[in-house]
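First up is the structure itself, then whatever we jot down about it.
There are 2 protein chains.
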Amino acid sequence: MVDRLDDAARARALADLPEWRLVDEPEGISRRFIFGDFSAAFAFMARVALLAEKADHHPDWSNVYNRVDILLTTHDAGGLSQRDIDMARAIDALLAA
Amino acid sequence: MVDRLDDAARARALADLPEWRLVDEPEGISRRFIFGDFSAAFAFMARVALLAEKADHHPDWSNVYNRVDILLTTHDAGGLSQRDIDMARAIDALLAA
């Protein structure tokens, strides 16, 4: 079991993730990614899928052609947890690599 | 350019796709797929991605853990076209194989 972040912890975490925004219902963080085409978008999704499976923490996500929208939330915690923050950082690191 | 199906052609096509339902805004057809886990769901998505890239006709789709929701529509036609019907059949064939 993992705890939902309190307000202070959430604020600290989000300060380090400027590309992600806080969303409600469910409480989580989301980011939109735009690629050159579907092939590039799906290649990114494949890498995120591997991260997600390894962490056993899976995104709510959608794709339309070159666009990927990712929402991270922790259903068991009823909101945003450290697992979401860690996954967001790992996803961002894919793009930096 | 591909034409939007007229009412008669749409009705004929949907009669052969009982698992797909007609949706509005955008006009298209959608189907929900449920798998045993994320790994199985994403393996299916990888196969659909290959079909989509080959046909140059890409789904609007989302995934949450073991669930994949696919919407097929033809933006250029302003609605449902034969390309969507062909893609739905190809996707269904993946599950039958």
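Each protein sequence line maps, in turn, to chains A and B.
My numbering puts the last residue of the first sequence at 149; the count rises by one with no breaks.
My numbering puts the last residue of the second sequence at 149; the count rises by one with no breaks.
Glycine is no exception: its CB is placed at the ideal position from the N, C-alpha and C atoms.
Since we're looking at a predicted model, the values are computed, not measured.
Quick check: the Cα distance between residue i and residue j, rounded to an integer number of angstroms?
{"i": "Ala151/B", "j": "Glu77/B", "result": "Residue 151/B is absent from the structure shown; chain B starts at 53 and stops at 149."}
{"i": "Lys106/B", "j": "Leu123/B", "result": "18 Å"}
{"i": "Gly130/A", "j": "Ala92/A", "result": "33 Å"}
{"i": "Gly88/A", "j": "Ala140/A", "result": "21 Å"}
{"i": "Glu79/B", "j": "Val120/A", "result": "21 Å"}
{"i": "Ile81/A", "j": "Ser133/B", "result": "36 Å"}
{"i": "Trp72/B", "j": "Asp128/B", "result": "21 Å"}
{"i": "Arg84/A", "j": "Ser114/A", "result": "10 Å"}
{"i": "Thr125/A", "j": "Ala61/B", "result": "42 Å"}
{"i": "Ala148/A", "j": "Asp68/B", "result": "46 Å"}
{"i": "Pro111/B", "j": "Met97/B", "result": "10 Å"}
{"i": "Leu146/B", "j": "Asp144/A", "result": "33 Å"}
{"i": "Phe90/A", "j": "Asn118/A", "result": "5 Å"}
{"i": "Met53/A", "j": "Val116/A", "result": "33 Å"}
{"i": "Asp138/B", "j": "Asp138/A", "result": "40 Å"}
{"i": "Pro70/B", "j": "Ile86/B", "result": "16 Å"}
{"i": "Asp59/B", "j": "Ala142/B", "result": "22 Å"}
Helix, strand or coil: how does DSSP classify residue i here?
{"i": "Leu132/A", "result": "coil"}
{"i": "Asp121/B", "result": "strand"}
{"i": "Val54/A", "result": "coil"}
{"i": "Asp112/B", "result": "strand"}
{"i": "Phe96/A", "result": "helix"}
{"i": "Leu69/A", "result": "coil"}
{"i": "Phe90/B", "result": "helix"}
Please classify residue i as buried or exposed, where buried requires at least 16 other C-beta atoms within 10 Å of its C-beta.
{"i": "Ala104/A", "result": "buried"}
{"i": "His109/B", "result": "buried"}
{"i": "Asp136/A", "result": "buried"}
{"i": "Ala65/A", "result": "buried"}
{"i": "Ala95/A", "result": "exposed"}
{"i": "Val100/B", "result": "buried"}
{"i": "Leu74/A", "result": "exposed"}
{"i": "Leu57/A", "result": "buried"}
Could you work out which residues of chain E lie near residue i, taking near to mean beta carbons separated by less than 9 Å?
{"i": "Ala104/B", "result": "The structure shown has no chain E; the protein chains it does contain are A and B."}
Just to check, is the beta-carbon of residue i closer than 7 Å to a non-hydrogen atom of the ligand ZN?
{"i": "Asp112/A", "result": "As presented, the structure is devoid of all ligands, the ligand ZN included, so that no description of it is given."}
Subject >> Contact list for the region 82-98 of chain A against chain B, Cβ threshold 8 Å >> reply: Phe90, Ser91, Phe94, Met97, Ala98
Subject >> Residues of the region 112-145 of chain A whose Cβ lies closer than 8 Å to any Cβ of chain B, in chain order >> reply: Asp112, Trp113, Ser114, Asn115, Val116, Tyr117
Subject >> Interface positions of the region 55-69 of chain A facing chain B (Cβ-Cβ less than 9 Å), listed along the chain >> reply: none
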